[in-house]
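In the working numbering, the protein residues as written are 46 to 614.
We put the CB at the ideal spot given by N, CA and C, even for glycine.
All values reported here derive from a predicted model rather than from experimental measurement.
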RNA sequence: GCGCCCGUAGCUCAGUGGAUAGAGUCACAGACUUCGGAUCUGUUGGUCGCGGGUUCGAAUCCUGCCGGGCGCGCCA
């Protein structure tokens with residue numbers, strides 16, 4: 046579509062310039078907008094330029110449109126050109142164009158639709174980054190799906206992509222995690238003690254009280270048991286302060302292993318797991334603070350170090366280093382982002398929960414204060430997931446430790462449906478996730494609808510082979526496709542590169558999800574309306590090529606979504 | 001109080017300056033003797049939260065209000 050579009054754009058521009066020359070008016074030609082009209086009787090491509098430019102020319106929109114149309118009509122890629130409505134110019138593409146689209150798909154295969162927007166520039170996508178204090182829940186799952194799929198889309202459109210998980214393993218919460226685990230360890234039943242063998246009887250549960258704001262989930266008990274299985278009861282007689290580092294480290298490692306595993310099962314792989322603690326171990330935080338001071342965006346007051354947020358859009362300045370010497374989270378984050386850019390990334394994308402939206406301007410200000418353009422950082426906000434079962438909301442409460450984990454959802458509905466449901470809506474809108482619907486294997490489940498289309502493609506090609514029919518090598522001629530269903534399907538296939546580009550520019554996975562669904566629908570309609578095998582040879586060959594092309598693009602779209610493309614279901 | 005996001009068919013949502021606002025779902029009625037019926041075709045459904053403004057043209061941009069969500073710490 047794009048080459049044809051570019052050609053048309055050029056011809057229309059030339060037409061406008063020529064008209065301007067004849068009339069003797071100076072014209073600054075703006076970027077001409079071409080789009081696919083909503084209705085089929087409005088052609089395959091449309092431009093509104095006559096309406097935009099008519100004032101300059103002193104003509105009515107329709108009159109100008111007619112002049113332009115007359116000048117560009119003679120084109121092998123066009124069947125006809127119409128002026129419609131208030132002054133739209135509608136282009137009806139010819140079969141030559143359809144044949145070339147098909148040839149393009151068959152030539153490029155899985156590379157069809159790939160664009161080079163990134164030109165090889167490096168982008169880092171940081172996502173999930175859940176604190177290692179408990180298992181991932183459904184909200185993290187949505188972030189995982191969105192981040193992973195955005196990374197796929199960026200890679201497909203020419204960016205060099207790295208996926209990163211930021212581990213918040215510094216700070217108070219880690220201490221609380223360690224103490225929670227300690228406490229559970231002391232609470233474990235110990236038969237040896239109940240028989241009265243311990244003379245000094247160390248290690249009563251009351252020796253290690255559960256912290257006020259401790260982590261109450263069942264998984265902490267599991268970790269405590271794992272520690273006893275591995276280390277025995279030796280910590281019971283050790284001062285709490287002495288054993289605490291072990292508990293902390295063990296718990297973090299254990300939880301991170303669990304997180305790594307669930308993400309792997311979800312089809313998400315990270316290139317880098319970046320530790321917040323390492324920022325401190327490498328003394329990067331003071332260096333970053335120094336950089337801010339040098340740039341004039343940090344100062345000392347009341348014994349603390351402040352960020353001059355009021356130089357940006359913030360209403361008050363923000364603390365970086367507390368008066369007690371402990372850095373704030375903001376200081377970590379600025380340092381972390383400095384490190385990202387220092388490592389050579391041209392662009393950084395953070396995927397955050399929408400509850401952090403108030404933090405976005407501050408983070409961007411931080412990036413700017415480091416000397417980068419705030420546009421080098423994109424922050425993508427992910428809205429909450431509303432989990433439903435048969436339309437009824439599933440109760441979730443993090444406070445009580447009663448939340449639905451990503452593992453629960455994966456076990457129940459599977460990877461493919463979960464991924465699709467997480468990205469089927471715009472990321473910044475609330476998502477209703479109906480567990481029963483996601484599990485259903487019928488037409489109202491979009492995942493199966495799409496996969497079924499692909500399985501049908503494979504089935505036809507299998508059957509063709511079984512009958513000794515080969516998919517022809519010859520280039521198809523577009524004129525072989527004259528039915529509405531075939532044209533619609535071809536037109537949809539032609540849209541794929543534009544959709545991929547749009548998804549990449551807008552960081553919007555749902556564009557691909559919706560596209561895949563629409564493509565599957567067009568294929569199903571085509572399939573039901575027309576036979577393929579057993580038709581007269583020329584027709585059969587043309588349709589086989591169309592089926593193969595549809596399969597190729599379906600596979601590409603599913604690959605971007607990280608969803609399997611089953612040959613049989 | 002200030003700031004951000006959202007409000008579109010009964011329900012879940014696309015559509016962010018264009019033509020008669022679209023899908024899915026629900027309900028009903030239909031469709032291959034042959035390539036997979038997990039499919040297809042059709043019908044029903046709208047003051048685009050409300051008012052004003054900008055524009056040749058507004059669901060889309062501006063503004064006021066109403067309703068919902070979230071955020072505003074020397075917390076993480």
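Among the options, which one has its Cα closest to the Cα of residue i?
i           : options            : result
residue 431 : 560, 474, 533      : 474
residue 389 : 231, 574, 538, 207 : 207
residue 457 : 469, 468, 476, 482 : 482
residue 169 : 185, 352, 187, 200 : 200
residue 111 : 124, 122, 96       : 96
residue 422 : 399, 438, 395      : 395
residue 214 : 320, 171, 117, 519 : 320
residue 212 : 119, 600, 58, 302  : 302
residue 328 : 306, 372, 307, 362 : 372
residue 382 : 330, 58, 119, 355  : 330
residue 179 : 218, 191, 163, 162 : 218
residue 81  : 49, 551, 69, 103   : 49
residue 204 : 184, 183, 167      : 167
residue 313 : 439, 344, 172      : 172
residue 230 : 268, 261, 152      : 268
residue 71  : 51, 85, 59, 102    : 102
residue 186 : 509, 220, 614, 462 : 462
residue 144 : 123, 256, 376      : 123
residue 300 : 324, 154, 266      : 266
residue 202 : 183, 506, 165, 276 : 165
residue 509 : 472, 585, 490      : 585
Would you say residue i and residue j are within 9 Å of each other, going by their C-beta atoms?
i           : j           : result
residue 279 : residue 233 : no
residue 191 : residue 554 : yes
residue 188 : residue 557 : no
residue 307 : residue 492 : no
residue 459 : residue 340 : no
residue 564 : residue 495 : yes
residue 293 : residue 358 : no
residue 305 : residue 318 : yes
residue 121 : residue 100 : no
residue 343 : residue 380 : no
residue 224 : residue 281 : no
residue 464 : residue 194 : yes
residue 228 : residue 277 : no
Leaving out five residues before and five after residue i in sequence, what residues of the same chain have Cβ atoms less than 8 Å from its Cβ?
i           : result
residue 150 : 157, 538, 594, 597, 598
residue 242 : Model confidence at residue 242 stands at a pLDDT of 48, short of 50, so the residue's coordinates are unreliable and nothing is read from them.
residue 55  : none
residue 349 : 364, 365, 366, 367, 368
residue 351 : 343, 344, 345, 362, 363, 364, 365
Between residue i and the rest of its own chain, which residues show a CB-CB distance below 6 Å, the 5 nearest in sequence each way excluded?
i           : result
residue 413 : 419
residue 546 : 160
residue 479 : 433
residue 541 : 158, 598
residue 443 : Residue placement at residue 443 cannot be trusted, given a pLDDT of 47 that sits under 50; the coordinates are not used to answer.
residue 316 : 207, 208
residue 499 : 599, 610
residue 245 : Annotation note: pLDDT 49 at residue 245 (below 50); position unreliable, coordinate value reported separately. There are no such residues.
residue 210 : 173, 174, 315, 318
residue 445 : Confidence in residue 445 is poor, its pLDDT being 46 and thus under 50, which makes the residue's placement too unreliable to answer from.
Enumerate in chain order the residues of its own chain whose CB-to-CB distance from residue i is below 7 Å, with the five nearest sequence positions on each side excluded.
i           : result
residue 107 : 128, 132
residue 534 : 567, 568, 571, 591, 595
residue 57  : 77, 92, 94, 113, 117
residue 354 : 361, 362, 363, 407, 410
residue 322 : 214, 215
residue 240 : Bear in mind that the predicted position of residue 240 carries a pLDDT of just 48, short of 50, making it unreliable; the figure below should be weighed with that in mind. So the list is empty, once near-sequence residues are dropped.
residue 264 : 179, 180
Tell me, to the nearest whole angstrom, how far the beta carbon of residue i is from that of residue j; I am working on the premise that it is less than 8 Å.
i           : j           : result
residue 148 : residue 520 : 5 Å
residue 516 : residue 578 : About 11 Å separates the two Cβ atoms, so there is no contact after all.
residue 526 : residue 587 : 7 Å
residue 574 : residue 504 : In fact, because the Cβ distance is near 17 Å, the residues do not count as touching under 8 Å.
residue 636 : residue 222 : Given that the chain is displayed from residue 46 to residue 614, the structure contains no residue 636 and the question cannot be resolved.
residue 90  : residue 162 : So it is not a contact: roughly 21 Å between Cβ atoms.
residue 405 : residue 424 : 5 Å
residue 602 : residue 198 : Their Cβ separation, rounded to whole angstroms, is 11 Å, which puts residue 602 and residue 198 out of contact at 8 Å.
residue 126 : residue 135 : 7 Å
Uninterrupted beta strand (DSSP E) stretches inside the region 183-233 (no shorter than 3 residues): Counting whole runs of 3 or more residues, the region 183-233 contains the beta strand (DSSP E) stretches 205-212.
4-residue-minimum alpha helix (DSSP H) runs that sit fully inside the region 394-452, ordered along the chain: For the region 394-452, whole alpha helix (DSSP H) runs of length 4 or above, ordered along the chain, are 405-414.
Any alpha helix (DSSP H) of 4 or more consecutive residues that is wholly inside the region 512-582: The DSSP assignment places complete alpha helix (DSSP H) segments of no fewer than 4 residues inside the region 512-582 at 529-551, 554-574, in order along the chain.
Ordered list of beta strand (DSSP E) runs contained in the region 331-368, each at least 3 residues: Here the runs fully enclosed are 343-346, 349-352, 363-366.
Residue ranges of each alpha helix (DSSP H) within the region 96-173, 4 or longer: Listed in chain order, the alpha helix (DSSP H) elements of length 4 or more contained wholly in the region 96-173 are 106-117, 140-153.
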